[in-house]
Each structure stands twice: as C-alpha cells, then as structure tokens.
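Protein chains: 4
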Amino acid sequence: MKLVHDPVHGGIELDDFAVKLVDTPEFQRLRRITQLGLAFLVYPSARHTRFEHSLGTFHIARLIRGRNPEIDEGVVYAALLHDLGHYPFSHTLECLFPRHEENTRWLIRHGEIGDVLKERFSLSELRRLLSHPLVSGDIDSDRMDYLVRDAYYTGVAYGIVDLERLVRNLRWDGERLVLEEKGIMAGQNLLLARSMMYPTVYQHHTVRIASAMLCKAAELEGISPRDVRLMDEVDLIARLRGSEKPEVRELIGAIETRRLYKRVIWSGEELDGEELEELKIELENEFGHLALLDYPSKPRFEERNAFVRLGGEVKRLSEVSPLVEALVKVKESYWWWGVYARGDVLNEVRAFVSKNLK
Amino acid sequence: MKLVHDPVHGGIELDDFAVKLVDTPEFQRLRRITQLGLAFLVYPSARHTRFEHSLGTFHIARLIRGRNPEIDEGVVYAALLHDLGHYPFSHTLECLFPRHEENTRWLIRHGEIGDVLKERFSLSELRRLLSHPLVSGDIDSDRMDYLVRDAYYTGVAYGIVDLERLVRNLRWDGERLVLEEKGIMAGQNLLLARSMMYPTVYQHHTVRIASAMLCKAAELEGISPRDVRLMDEVDLIARLRGSEKPEVRELIGAIETRRLYKRVIWSGEELDGEELEELKIELENEFGHLALLDYPSKPRFEERNAFVRLGGEVKRLSEVSPLVEALVKVKESYWWWGVYARGDVLNEVRAFVSKNLK
Amino acid sequence: MKLVHDPVHGGIELDDFAVKLVDTPEFQRLRRITQLGLAFLVYPSARHTRFEHSLGTFHIARLIRGRNPEIDEGVVYAALLHDLGHYPFSHTLECLFPRHEENTRWLIRHGEIGDVLKERFSLSELRRLLSHPLVSGDIDSDRMDYLVRDAYYTGVAYGIVDLERLVRNLRWDGERLVLEEKGIMAGQNLLLARSMMYPTVYQHHTVRIASAMLCKAAELEGISPRDVRLMDEVDLIARLRGSEKPEVRELIGAIETRRLYKRVIWSGEELDGEELEELKIELENEFGHLALLDYPSKPRFEERNAFVRLGGEVKRLSEVSPLVEALVKVKESYWWWGVYARGDVLNEVRAFVSKNLK
Amino acid sequence: MKLVHDPVHGGIELDDFAVKLVDTPEFQRLRRITQLGLAFLVYPSARHTRFEHSLGTFHIARLIRGRNPEIDEGVVYAALLHDLGHYPFSHTLECLFPRHEENTRWLIRHGEIGDVLKERFSLSELRRLLSHPLVSGDIDSDRMDYLVRDAYYTGVAYGIVDLERLVRNLRWDGERLVLEEKGIMAGQNLLLARSMMYPTVYQHHTVRIASAMLCKAAELEGISPRDVRLMDEVDLIARLRGSEKPEVRELIGAIETRRLYKRVIWSGEELDGEELEELKIELENEFGHLALLDYPSKPRFEERNAFVRLGGEVKRLSEVSPLVEALVKVKESYWWWGVYARGDVLNEVRAFVSKNLK
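Residue numbers (my numbering), protein chains in the order written: chain A, 305 to 662; chain B, 305 to 662; chain C, 305 to 662; chain D, 305 to 662.
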C-alpha cells in the first residue's frame, strides 16, 4: 500500500496492483499531459495533469465500490487507466487524431502496462470495464474528480461538487448506478456544474483560439497518428520548435509567448456541410496558416443517463429536475464556431469571410 | 475605523458611522438571532447569526459601491440594517407576525439606533434606501452574503457563489444593477445556488416541522406582535419554558430535546381556501396542539429582475439563460404543505386527514 | 446509523448507541453551550457549540480507533461525552465553579444519559475511559477537533491541523498513543497551533474582560454550584437579566450591548499570595463591581506527553523538536493578569492600583 | 488593466506596464519553469510554475505598497520579476550553476524585457529594487506568496499563512518593513510555516534524490552556464533525452519513469572539506553516475531580520518570540547530506561508503 498526497482528496491509497500500474512508463507519461490543455493561457494556475486526475478517479471509484461491493473489482483499475491514451494537451489534438479512448486501448495492447494488466485481466475484459457506468456514465467517477479538480486549479467556483453525498448515495442495481433520493440534489448540481464549466473554462474562446493554432501547427508538421500515440508534451513542443517549416515554428512560438490570433467571426448558427467545406478550403487557399477555421461538432444529446430512485421508482434525473431538463437547451446555446486570424491580417480575413458567407 | 474578523470575507472594515450603528442595543440584539432559525436541528453547525450576516452584507455593498460611486452612500448603511427587525429564529415566526421588514422600520423609528441614524439620514430617506436594488434585488448584497455564509456554516456546497466576479461585474446604470457579460455566469450561478439551498437547507422538512411547533408554542402562549418586536432568542425561549400552559412547555421542551413531530402527510397540490380553512379548524378541534398544519404561501414569481448587458443591450437574465428561465418551474416543484403530529397520535391523525381530504 | 452534516469533517456517522446518547436532554443541552464562551464579542462568527465539537471529537476518535482496534471501544463514547459537563459559555464560569470535568461525572451519574450508558458501561468504567489518552492527552481527538473547528469558525488560520496525517500515524502501543515518524511534523504543528490560538483567540484581552464581568455577575447573583449544573445559556442569561440586583442587570446588559470594561493594568509578573489577596479585597471594598481583578492560575507545565517513534525508539516530542521544546517558554510569556474597570472610574482605579501595588 | 484569475488570491489585477512585462518571451518562459522543481514526484499535484508565483508576488507587493505609498513604486515591478532567472526545475540546477538571481540580472540586461523596463527604470535602479525588503526580506511578498501557494498545490497544510493580517500590519519606516503588534503572531506563523515546509516538501528526501540525479545528468551532458540561461523545461528534457551519452539518457529516463536511486546513507554530521572532496572523487571513480553525493551547504543564519513594533519600540521578532528564537536550532536539525545509488549497486556503495568514512 502506498499513500499519495492530493490537495483535492487528501490521501489517496494505492494498493499493490495499482502501484504496479502507476509505475509503468505509459502511466508516468500522464505526468506530462496537462489536464486542461492550453487553458493555462487563460487560467495560469491550471497546470494539473492527467496523472493526478487518474489517481483521483481511481480514488472515487474505489470509494463508491466500497459501498457497492457487487461492482466488479476490475472497474476501479479501469477508472485508473481510463485516460491513459490522452495526447499532449489532452483533447486539443483530437481535431486531428482519433479520440483518446482508442489510443488508451492501443497503449494497453502494446505497452508495458499491458503486461502488468494481464496478471489480473484479459484485455477484452478491461475493454468492457472501461465502459462501465462508474467510469463513463453521466454521473461517474471521472466527472466527479475532474469537476472538483478543475475548479480547484482554475479557481472557478462553478465546478464544486458535493462528492460525499454522491459517494454515499450512488447504488449499483446490477446494470446502472442509481442515485438515492438524498443524493438527487448533488447529482443535479454535478450536471449544472459541468454545464457552467464549459463556457467558462473548457470552451473559453482564448483556449479555443490557441488550440486551433496548435492543431494547425501539428497538421503542418505532418505529425501522424502513429507518431502521436506515445508523445508527451515535451516531445510535441520540442518537435514543433525544431520544425523545418517556418510556419510551424511561428505558430508554436506565438502560442508560447501568448501572441495569439484574434477572433474574426464567431457564430452559433450551423453551416451546412458544403458551405463549411468551401469556407475551409477558401480560407486555406487565401491565407494559409494565417487564418483558422474552428468548427467543432455539435454536442451530442447527453445528460439523459443519470438515474434516480424516487419513492421506490427509478427515473431519469431529467424527468425529476426541470434544471437538468433545461440542460439540453443550454448546451446548444453554448455551441459556436469561429474563424481566427493573425493580428496583421485580421481585417482582410474579416472582409473575406463576410464576402464568402451569406 | 474598526476591523472585524470574519471567516467568510476575511477582515470587514467598519467606518466610524457604521461602528456607531453597530454599537446600539438594537443591532447588538442581532447577535442573539440565529440566521437560519431552527436549521441547526438538521445542520448542527449552522449557529451563525443575523449579526455576522449584516456585517457581511454591508461589506459586499461597500465593495460594489466602491466600483459604482454614483450609488447613494446611504445604501451601504441600509445594507447594514436591512435585517434589524428579524424576530427570534429569523423567518420562523413570520407565520404569526408581520414580515421582519416592517419591524425593521419600527425599530429604526423607535430605537436608539434611530437617533444615530438621524445624524445622517431622515428616516423616510432610509426607508427608500432599504428598497434599493443593491439591498433587495435579485442579485443583491444580501443574497451574496447569505448564500456563501449559509454554505460555509452548514457545509452544504450548493451555496457557493463567485463573489469576486459579481462584485467586479455589477454596474449601476442609474436605476438598476446590471451584470456585465463577464459576470453573467456568476449571476446565473447565484440564482441556481439559491434554488438548491431551498429544499436542502431552508425548507428541509425537519426544519419545517420544528418551525411549525415553535409557531404553535408562541401562538398558544399568546405572544403579541408588540411583545415580539424587541425579543431575542433568550427572551422567547425563557418565556416559553416558563409558560403557565403545559402545552407550551411541552412544545418548547420537545424542540429543545429534538423530539419532533412526524410528517403525517405532505403534498405539492394546493388546497382551495375553504378546504384549507376547514382542515385547519378540524385538526385543531380534534387534536389541539398535537397536530399541526403547515401551509406556506406559494412562492411568488421571482428571479425576473436580474439584468445583464450583452452586446451592448440590457436584457433580463432569464432571457439569456435557459437555466434561469427554468427556475420558475423549479420553484413550484419545491413547494409543498404538510401535516405533522406527535408520535403517539400519528396514526389517528393520518386516518383523520385521509378521511377529511378527498 | 445516522449521518450528521458538519462543515469541518463532512459527514459524521453516528451508530445506534451514539444516537441514543445524543438524544438525551443532557447531550442536547450542549447545543446551548457556546464552544468559545464570549469570544464572539471579538470574533462574531464564533457561535459554534459544544454539541458540534462533541460530535467531531467522537468522529476523530472513531477514525483513530478504526486503525487501532485494540483500543477499548468505549473510548469513542467517552470522546462523545467528554464535554458534557460544560457550564454556560464553556470555561468562563470555571473561575467560580469546579472544573467542568467534575460536572460531566455528576451529570452522567444523575442524568437520563446515565441510564443509556449503563446498557453498555459501568460508570466507573466510563470514568476511566474519560481519561484515556485518546480523549485527554497532548495529541488527542479533543484537541484535533477543537483547533480545526475554532479556526474554521473564527477565521483565524493558526488552528489548522493536518488531521489526516495525525489519524494515519497515531499508533496505540497498549498504554500510549505514539506518533509514527511520518506524523511528527503534524504533531508538532498541532502543538504550535494550539499555542498560537491562545493569545489570538482563547485569551484575547477583550474576551478576558467580558468573562471577568460575567463571572462577577454570576457571583453577585449568588448562583450556586448546584444551580449551575444543568443550566444552559438561556437559563443563565434570563436569570441575570431578571436579577433583583441592579449591578447584576447592569453587568449582563453591558456584556450584551458590548459596552465592556477597560483594562486598567495588565502584567506578566506574578503577585505573591498575600499581595494578591489584599489587592482583591481592597479593590472590592473601594469599587465594588466597578473594578475587577482577573488573575488566572499559571499554566501548568504541559505538552510533555506527546510521544513519537523515531528510528524504532519512543521519545518525547519535545526531545525531538526544538520548537515543541520552546513551547514551555512561550506559555509563560503568554500568561498575564489584569485589572479592568468601568469606563467612568478608569482613572480612579488606575490611581488606586498604582498606589497599592509597589 | 487586465485581470488574471488565480485560485490563491482570486483576481490579480495587472496594470498596463505589468502587462507589457508579462508579455515578453522572458516572462512567458516562466510558464515552463515548475515552482517546486521535482517535488511533483512526491506531491503529484505540485505542478504550479514560477509564472503564477511571480504574479502572486506582484499582487501582494502591490497590496502592501497600497498601504505604504512611500515605498518606491518600482518595487512592485521588481516583485514581478524577482524570479525571472530561474533555471528549469527552479533551484534544482543551482548545484551546477550560479544562483538564479544572477541570471535574473543577465536576462534583464540582455532580453526583450530589458527594453520594456527601460521605459521606466534604469537597470541599476531595478537591481537596487530587487533587494528591497518587500521583495527579499524575512517577511516579504515572495515568501507570502510561495508558502500559501505551495501549501495549496501540495495539500500540505503547514504553509498556510494569514496574508490579510500581514498585509494590514506591515509598515514601511523608511528603511525596513516593521510588523505592527497585531501582526506579530502572523509573522511568527509565517516563519514557522516556512520551517515546516522545508523537511516536508522542499527538502523531502525523494526530491533530493531526484534532484541529484538531474544535476548529474546535466553535468554529464556538459550543459554550460551559458546554455542554461534561457532554457525552459522542454529544452532541458529534450536535450537530455536526445543525449549521445547513454548515462544521460538513463538518468533522465529514470527520473521520468520514477525509478529513482535509493538512499545509501544520510547524516546530519558535517564532513570537513578534505574528507568531503575525497569522498566525492572516490565515489565518482568507483561508481561513476551510479552513486551520487548530495552535500548541500549549511543553512545560513537567518530569520533574524524580521522587525516588529511592540509598545512603540522596534525589536527583532526573534527577541519577542521564543518560537522564532528556536528556529535557528531547528534549521540545523533539518540539515543533512546523503549518498544515493542505483538499486542494483546499493549494497556495494553502502559497503564502500562505510569503509571510506570513519
């Protein structure tokens, strides 16, 4: 048993098997993957990494399993490893590469960590465990950790979550985690917290701009999905700094000295597929790396899979809480796309975009 | 200048005039008026008083006025005095007596504090100041203090509010406080926080039961609106303990030893006026002080007077935020009435009520 | 099992036997005994009571016993009840009456709580348990709770203590609690914290003055040791307010409106017994209740009974830590006695004292 | 004016000149210099950087200057820049290179930031400002920030400091910062806090081991004082990872995967110069990079330059506080040197050392 100090949860106890997993190079690499990507450009103190978050997720999963021993023991290790495959700067590069979940599976198959895992689990078993509701549900140990942790490191109060009430009131009914009545308010609060962290931190426009710049740099540098699998932030930055292409060096330099592109336009109205494709190509032809289109996919319909037990009956939380019901609408209102450009071509890009968009 | 230590705000500075006001018997009496009434029966640590809350409200009002010097200076003293008229256990006895705002005005007219005030303000002026949006609006210094303070003392995280962003982003436009764009999320969060504190703390069913018992005791004891004006909690409890009526002594004894009545029925469906009156009379005839009907008035339509500036235009926050829009619905869902009875007559009362209510 | 919410420890779990103890009138009375006496006159937010503190002490004792199951189970209930006998305003009236520990034993012998206890323990057994090092040692569950709690409620940061490290590193060796090496710093910190809370909060001069006034009022009112046994703060204040003696009414009124006596003299130099007695009598003869002598007993030599294990050997913490060694000296430097007087006779008292003291 | 969010201080306001300084490449580089070097190997959450710390130091300096306007305005910018010259992993490489203060001066002379500075200050002026007691004294804005910040990020409570009382009670008397009486306890607490953070965090033995490994790697790689001047952590790690020397690659790999050397011996007894030199050379001859001697210089006599005003007289804090007086002794007791070795040669190194040391 080993004890790790953590300002969010106090002491986190790691059993021997968890220590073995943590001691692999793949897991230690998470120390060099920032939890919130480039958000530190807005919240300088947000320098926490996927490493601490993974330990915290494990910790919460173990607490909940402690009260629900019917949950498969392997789930807590899945919680530990659920973010193993994150690329440098977390979600930032998912514009270019497959989602990190896929890379997690790849690393487990090919890394040293796989050998450790095999002592206890088959890889297909682990794959199944990774999609357990305690690891990836609407109210899961992942969210419970990251909301509180991100609030702690950014100083943005909205992410505060009543961990204790959630842990005490989540019951495993054989296929779902169900919130008992005394935990409903805490569950609602978690979903509201998440919704408020989105525009304030995760999708802050400056973070979006810097992320688009980093994506472009990685794209221009020709980093391949294979290259990125094992990279940490040192690898990525060193590679971009040392690039042969001046545009790449310029982009990474601008990010590092916080001389960021500016917003030319932003809009909450969707473009149709063709229009979008055209805009992208035209912008690139006309301005190259000096203008960037950032068009994220629309948020999927979510937050519908939190269940509560009220008066003996299991219901969706959104049926019981008008606020959770309202979250779907909220999500749409937070979605937007944008075009960003280097300061010196701002006006030209603006003119170009307004001419090309009706 | 005097400095008061406060765990919520750090140091609170009181100027000389504020010190004079605080040093009156009427203001010192607030030290013996619990902020959350009988909530300490559920949250034992909630022992804070209207005294600290009043200082905190003053503090926040002064910070906001510091950034909006066009606001009348008197407003900060109105903030200090806004709760002067609270009865013992705060809102609890408002079932029997006029709302505390009326008593505030009476105390200012008749108390020593009025003499201090007259050095600077006419009483009609102060009356006007007490309804200033910074003292009693939807996003005002009162709420900013009590939400954070109640969260701190109960340990219920839902009341946490981003005071700094609110203070920085509230602008006085001559007739209203308007939230600048960077404060919108913090404003939304305040209203959500308040909505979650309602069922969790302020309207917790155990608190409602104990409050109904205290109201009944005060009613049976024949405490008059005139008696209650200057009472503090020592006066009230000593009077009830020393009552000549055994029912009164029984009720206060039961509250103090936490042997509370139980819920016979509770319902979110309104009764019509006649039905309600009848039930009340019949219960009283049949069971006297052993059964209590608790039927609060429905929440008024609220939270519509928070204003924000978005893209140069002033709008209602509820237009901009689907979550705030949903709060009206939420409020209704939190409203309920109940009948409570002493443990030994629970079944009889239950039978009686279900017979008398169709 | 019952769960009590507490902002300091989160949820405190009470087992059925603890619930039974808590539900007695003697224990519920602790809700009306302020933890820090009259300290709220300086730190208005310090309104917490012996009730919460007792629950917190129980909670910590149970955590430590959870890791040291050889400790007698009864100790955790002794922790719950250790402060049962406190008089109104906690230590304040110990100037007049026997220490509260004696009253605790009396209440257990004569109260309803004794009947509950007898289900599990003989009273002599409980008496023994009350002096267990986990309940009253240098590093015990009592101090661990009150330092953190008092820091929380006053906002004075010095009382912060690393509860988790202490809980994890205290080992019962059959007769003593011994701190393992990893907990030494936390143990040292607890003793330092306590030493800094003394002058800042517990012995703050304004608190000392108000306390001396309350003692005098109770003395003049002729409250007997028998009267005080079961009193809570409502009883005491109501009695003093309703006194037939105008001096008593004046004193309690002055405390309640914070019109306190002023310091005439204060000194760290001891008086010899005769000198002291004389001064006391003369002051009383000359000024009656208008001048008060406050001469606390010197601090006993303490903080020598914290043990640590270092390199396999058990040592006193004071041998290992030069800072703890220095605490004895510190304590002396914090001791002082004083004479206080009502504002209008301040000068006369000052002249009188300086004439009578060489 | 610009507002930066910070979880420790809330909002930090930067005036236009501060923004200009922050926007230089030299200052932005601090985002890639970890505040606590390799301490994250023990406290994984300690990922904060010199960037946030510098902003925080500026913030506190400005607050104190706000109450002491006679302090030269330039001091607050000196506070902002005081750590500009830190090398990758902060103090870690000071075993090889000149102290960071020297590099701060070099960067100011040669960097873009010097051009910005020259708008307002001559460089010799700035040099003087950097040694102002508000920037580098015993109770200065640097310590006030880092203690609280390090406590926040590590979760080690000992670093908590009462910033508000310090800020309110520091007075500039023309040549020194003097603590007013009400701030003495807070000042004492700061020095105690610092003393407890030393063994717990800053000099934790695991951190010392990893630091010795990194020093050796940098030494073997032949990184010159000139190379290191502008390096950030990406540069350093990339260089070591890509080294042509297998020992260098091995060392950095071992640090990054947390496969650290073990302690062979540690001792608080000084070696004489010759003995030390001999041991160093012999170890190196015998074991090369597999055994490391870590012999820090003894702590200088410090904490003697905090001044307080007591009863109108200025004194040293150590005269007034027996605990501060004891700190000198404490410091000695925390000093130790050690020899570390790779796991597979541990026994051989142990035998060798014990043979060579009498």
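Even for Gly, the Cβ is constructed at its ideal location relative to N, Cα and C.
Please classify M305 (chain A) as buried or exposed, where buried requires at least 16 neighbouring CB atoms within 10 angstroms.
exposed
Under 8 Å, Cβ to Cβ, is there at least one residue of chain D near R335 (chain A)?
Yes, contact with chain D.
Would DSSP call E617 (chain C) helix, strand or coil?
strand
Same chain, Cβ closer than 8 Å to Y342 (chain D), five either side skipped, listed in chain order:
Residue 342 (chain D) is actually Leu in this sequence, not Tyr. Excluding positions up to five away in sequence, the list reads F393, T396, V511, A514, S515, L518 and I559.
For R553 (chain A), which residues does DSSP report across the bridge?
In the DSSP output, where bridge partners are listed per residue, R553 (chain A) has none listed.
From B:L384, B:A365 and B:T361, residue whose alpha carbon lies closest to that of D327 (chain B)
B:L384
CA-CA distance, D320 (chain B) and H404 (chain B)?
27 Å
Which whole-angstrom value is the C-beta distance of I316 (chain C) and H363 (chain C), which I expect to be below 8 Å?
5 Å
Alpha-carbon spacing of M674 (chain A) relative to Q507 (chain A), whole angstroms
Here chain A covers residues 305 to 662 and nothing more, so residue 674 (chain A) does not appear.
Within 8 Å, strictly: CB atoms of P311 (chain A) and Y456 (chain D):
yes
Is the beta carbon of V532 (chain B) within less than 7 Å of some heavy atom of the ligand ATP?
Of ligands this structure carries none, so the ligand ATP is not represented either.
Given this structure, state the Cα-to-Cα distance separating H591 (chain B) from D576 (chain B), to the nearest angstrom.
A small correction: the amino acid at residue 591 (chain B) is Phe; His does not occupy that position in the sequence shown. Between the alpha carbons of F591 (chain B) and D576 (chain B) lies a gap of roughly 22 Å.
Cβ atoms of V552 (chain A) and V643 (chain A): under 8 Å apart, would you say?
no
What residue range does the alpha helix (DSSP H) around H509 (chain A) cover?
Looking at the DSSP string, the run of the alpha helix (DSSP H) that includes H509 (chain A) is H509 to L524.
So with CB distances below 8 Å, who are the chain D contacts of N589 (chain C)?
Here the premise fails: no neighbours, minimum Cβ distance about 32 Å.
Could you compute how far the alpha carbon of H309 (chain C) sits from the alpha carbon of S499 (chain A)?
27 Å
Do the CB positions of P437 (chain A) and L496 (chain A) come within less than 8 Å of each other?
Taking 8 Å as the Cβ cut-off, P437 (chain A) and L496 (chain A) do not qualify as a contacting pair.
For D419 (chain A), which option in A:P329, A:V439, A:L661 and A:T458 has the closest C-alpha, if you only look at C-alpha atoms?
A:P329
Contact set for E523 (chain B): own chain, Cβ-Cβ below 7 Å, skip 5 residues either direction
L400
Output the distance between the C-alpha atoms of H390 (chain C) and V624 (chain B), rounded to the nearest integer angstrom.
55 Å
Below 8 Å on C-beta distance, what does M500 (chain A) contact in chain B?
Those within 8 Å of M500 (chain A) in chain B are M489, Q492 and N493.
Test item: CB-CB of V628 (chain B) and K619 (chain B) under 8 Å
no
Short of 8 Å Cβ to Cβ, which residues in the stretch 305–320 of chain D face chain B?
L307, G314 and G315
Please compile the residues from chain B whose C-beta is within a distance smaller than 8 Å of the C-beta of E468 (chain D).
Within 8 Å of the CB of E468 (chain D), the CB atoms of chain B belong to G314 and G315, in sequence order along the chain.
So the candidates are C:G378, C:M448 and C:K659; which of them puts its Cα closest to the Cα of K422 (chain C)?
Minimum Cα distance to K422 (chain C) is reached at C:G378.
Proximal residues of chain A, C-beta to C-beta of K633 (chain B) below 7 Å
P626
For the 8 Å Cβ check, are there 3 or more pairs between the stretch 422–435 of chain D and the stretch 428–443 of chain C?
no
Name the chain C residues whose beta carbon is nearer than 8 Å to that of T504 (chain D)?
M489
Secondary structure at K602 (chain D), three-state DSSP: helix, strand or coil?
coil
Return no unless some Cβ of chain C is closer than 8 Å to the Cβ of R472 (chain A).
yes
Other residues of its chain near K566 (chain A): CB distance less than 7 Å, five sequence neighbours each side excluded
By the criterion of a C-beta distance shorter than 7 Å, K566 (chain A) is surrounded in its chain by Y644, A645, G647 and L650, once the five residues flanking it on both sides are discounted.
If I'm right that Y462 (chain A) touches M489 (chain B) with Cβ under 8 Å, what's the distance once you round it to whole angstroms?
About 7 Å separates the two Cβ atoms, so the contact holds.
Which whole-angstrom value describes the C-beta separation of V452 (chain A) and V465 (chain A), a residue pair presumed to lie in contact below a C-beta threshold of 8 Å?
5 Å
Anything in chain B within Cβ reach of G459 (chain C), meaning under 8 Å, just list it in chain order.
H309, D310, P311, V312 and G314
Going by beta-carbon coordinates alone, are S440 (chain D) and T361 (chain D) separated by less than 8 Å?
no
Just by C-beta distance, which residues in the stretch 542–566 of chain D are closer than 7 Å to chain A?
Cβ contacts with chain A: A542, E560, T561 and R562.
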